[in-house]
Every structure is written in structure tokens, then in C-alpha cells.
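Those letters in the sequence shown? Residues 1 to 78, by my numbering. Ideal Cβ positions, reconstructed from N, Cα and C, are used throughout, including at glycine. All values reported here derive from a predicted model rather than from experimental measurement.
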Amino acid sequence: RDVSTVTTGWQVLGAPVAQPFGIAPTGFTRMMQTEGEIAGARAAGRAGIPFSLSTMGTASIEDVAAANPQGRNWFQLY
């Protein structure tokens with residue numbers, strides 16, 4: 001099989017993503033990195049992958065949306 005041209009893009013919930021994965025929800029991220037979920041959301045936006053904000057996150061939904069305005073931002077609710 002010819003693998004000289006490979007694309008890692010995929011569709012998730014009907015929208016294109018650059019990779020077949022995203023950043024999973026992680027609680028209290030700011031305890032590990034000073035910008036917390038905001039840094040994760042920005043990184044996801046640059047990589048073209050979804051970002052999931054945890055119910056136990058340290059940033060608000062609005063702050064994540066502002067950090068990654070064109071990105072696929074999801075919220076884990078339980």
C-alpha cells in the first residue's frame with residue numbers, strides 16, 4: 001500500500017480535525033501549569049484538535065472560548 005501521502009485529518013461530530021484525537025478534560029490543570037486550561041485550549045487551537053474543559057477545571061467556559069475562539073471547545077459535565 002502506498003503511504004507516500006498520508007493525511008491525519010478526520011471528522012469528529014461532522015467537523016474536520018487535524019488529528020484523530022483531542023485534549024481530554026483534566027481537573028485542576030492550573031496546579032500543573034500556571035495558565036492551566038487556557039494554555040491547553042490555545043495549544044489545541046494551534047494543533048487543530050478539540051479541547052475538553054473539565055467540570056473540575058480552573059478556568060471558566062468563557063475564558064476557554066476567548067483563548068480558542070475558532071477551536072472545537074467541549075465541556076465535560078457530570
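{"Query": "Would you list the residues sitting across from alanine 43 in a DSSP beta bridge?", "Result": "Paired residues: none, contrary to the question."}
{"Query": "Count the other C-beta atoms from every protein chain shown that fall within 10 angstroms of the C-beta of threonine 5, then say buried if there are 16 or more, exposed otherwise.", "Result": "exposed"}
{"Query": "Going by DSSP in three states, alanine 67 sits in which element: helix, strand or coil?", "Result": "helix"}
{"Query": "When you compare each of Val64, Ile49 and Pro69 to glycine 22 by their alpha carbons, which one comes out closest?", "Result": "Ile49"}
{"Query": "Is it true that the CB of glycine 27 sits closer than 9 Å to the CB of alanine 18?", "Result": "no"}
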